[in-house]
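In my numbering, the protein residues as written are 59 to 332.
Where a beta carbon is used, it is the ideal one built from N, C-alpha and C, also for glycine.
Input: a single structure, listed below in structure tokens.
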Amino acid sequence: MKQKLKIGEFSKLMQVTVKTLRHYEQRGLLVPDEVDDASGYRFYSLSQMQRLGSIRTLKDLGFSLEEIKDIFEEQNHMPDIDQLTGKIQQCEADIRMLQRRRERLVNVLNSQKHLKEMDKFTIETLPAIIVASHRETIENYEALGMMCVNVIGPEMQRLGCKCPPPGYCFTIDHNEEYSPTGVDIEYCEQVEEMGEDSAIIQFKQFDEVPTAICMKHYGPYDRFYQSYTLLYKYIEEQGYAISGHARYVYVDGIWNQDDPEKWLSIIQVPVRKA
């Protein structure tokens, strides 16, 4: 006679919960060999052990329950060569995605370590300076570097600008709100004396900023918001109010560091006591 096992016995022998067996039944993957109409008891045959073993193997290989059902409907217990090849390709894509995620996690970790290792905030006086200024709406923030190299730098050289050591340059973002494109940005570089304006460069005087809260930012520019979160919290806690445009000072960047995680910028925010 055909040996029948109650759902609990089958569950125990195959080390699968009853809840899982009921789920497989609902999905049409493993329907009990017999269901008693009166009691509702479910019975499984010994041959269904092989089918359940195949389900577990295929799940371990990364096949979804829907894919396993399709394999069974083709009267197979194992996928064919094309199906296995597809899963291998998917695994390779997942590995690449996880590697990229790991790299981002390492970058974020290193950035957080930098924040813990350094003095987060300094309070400084920014002296009055003369700058060569260029304001333009550029495509995005990444375009700033090329604009400095190809447009601003050659024009300053043509005008004979002399920059006092060690050099001080910064940008001011004039956008009223965040926009990844169409960035209204002003680039300023300290020079020794006022010059004659050109179509590209205008000379201007910046008054002294008696008090500015400054913070170092390590990493790419699209993570400035992380530093701003800490910086503005500090400003509020110290009882200051913002009194002018923030300056973005670029110490290390794409011009001498290929790794964006090694870029160093300083955010300088003019403040006054609230």
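Out of G98, Y298, I300 and V89, state which residue places its alpha-carbon closest to the alpha-carbon of R109.
Taking the first residue of the sequence shown as position 1, residue 109 is located at position 51. For R109, the nearest C-alpha among the options comes from V89.
Grab me the residues of S301's own chain with a C-beta within less than 7 Å of its C-beta, minus the 5 sequence neighbours each way, in chain order.
Position 243 of the sequence shown, counting from 1, holds the residue named residue 301. Cβ neighbours of S301 beyond the five flanking positions: P328, V329 and R330.
Express the C-alpha separation of Y279 and G311 in angstroms, rounding to a whole number.
Numbered from its first residue, the sequence shown carries residue 311 at position 253. Numbered from its first residue, the sequence shown carries residue 279 at position 221. Approximately 10 Å, taken between the alpha carbons.
Residue(s) in a DSSP beta bridge with K331
Here residue 331 corresponds to residue number 273 of the sequence shown, with the count starting at 1. Paired residue(s): Y298.
Close Cβ partners of R305 (< 7 Å) along its chain, the five nearest in sequence each way excluded:
If you number the sequence shown from 1, residue 305 lands on position 247. So the qualifying residues of the chain are F228, I230 and Q326.
Whose C-alpha, out of A186, S237, I146 and F179, is nearest the C-alpha of E247?
For the purposes of this step, residue 247 is taken as the residue at position 189 of the sequence shown. It is A186.
With a threshold of 16 other CB atoms inside 10 Å of the CB of G211, please say whether the residue is buried or exposed.
Stepping through the sequence shown from its first residue, residue 211 is reached at position 153. That one is exposed.
Could you check where the beta strand (DSSP E) with S103 kicks off and where it finishes?
As a first step, residue 103 must be located in the sequence shown, where it is residue number 45. Here the beta strand (DSSP E) through S103 covers R100 to S103.
Quick one: residues in its chain with C-beta nearer than 7 Å to the C-beta of P238, no 5 flanking neighbours on either side, listed in chain order?
Mapped onto the sequence shown, residue 238 falls at position 180. Contacts found: N198.
Considering just the uninterrupted stretch of the alpha helix (DSSP H) at L63, what are its terminal residues?
Counted from its first residue, the sequence shown places residue 63 at position 5. Where L63 is concerned, there is no enclosing alpha helix (DSSP H), although the beta strand (DSSP E) it sits in stretches over K62 to K64.
Strand pairing of A270, partner residues [DSSP]
Taking the first residue of the sequence shown as position 1, residue 270 is located at position 212. DSSP output for A270 lists E182 and P328 as bridge partner(s).
Helix, strand or coil, according to DSSP, for C219 in the structure here?
Taking the sequence shown and counting its residues from 1, the one referred to as residue 219 is at position 161. The answer is coil: DSSP assigns C219 none of H, G, I, E or B.
Does any heavy atom of the ligand HEM sit closer than 7 Å to the C-beta of M205?
With respect to the ligand HEM, the structure shown offers nothing to examine, as it has no ligands at all.
Per-residue DSSP class, three states only, for A190
Here the question's residue 190 lines up with position 132 in the sequence shown. Residue state, collapsed to three classes: strand.
To the nearest angstrom, report how far apart E244 and M273 are at their CA atoms.
Locating residue 244 in the sequence shown gives position 186, counting from the first residue. Locating residue 273 in the sequence shown gives position 215, counting from the first residue. Rounded to the nearest angstrom, the two C-alpha atoms are 20 Å apart.
Would you report the Cα separation of V189 and T195, rounded to the nearest angstrom?
Position 131 of the sequence shown, counted from the start, is the residue given in the question as residue 189. Position 137 of the sequence shown, counted from the start, is the residue given in the question as residue 195. Cα to Cα, the separation comes out at about 19 Å.
Taking the alpha carbon of V241 as the reference point, which residue from H135, Q147 and E200 has its own alpha carbon closest?
Reading the sequence shown from its first residue, position 183 is the one you call residue 241. Considering only alpha carbons, the answer is E200.
Supposed close pair V76, I65 - CB separation, criterion 8 Å
Position 18 of the sequence shown holds residue 76. Position 7 of the sequence shown holds residue 65. Between I65 and V76 the Cβ distance is about 6 Å, and since that is below 8 Å, they are a contact.
Taking the alpha carbon of G297 as the point to measure from, which residue in Y283, I271, H303 and M252 has its own alpha carbon closest?
Position 239 of the sequence shown, counted from the first residue, corresponds to residue 297. Among Y283, I271, H303 and M252, the Cα nearest to that of G297 is on I271.
Could you tell me whether the region 128-137 touches the region 97-117, using the rule of 3 or more Cβ pairs below 8 Å?
yes
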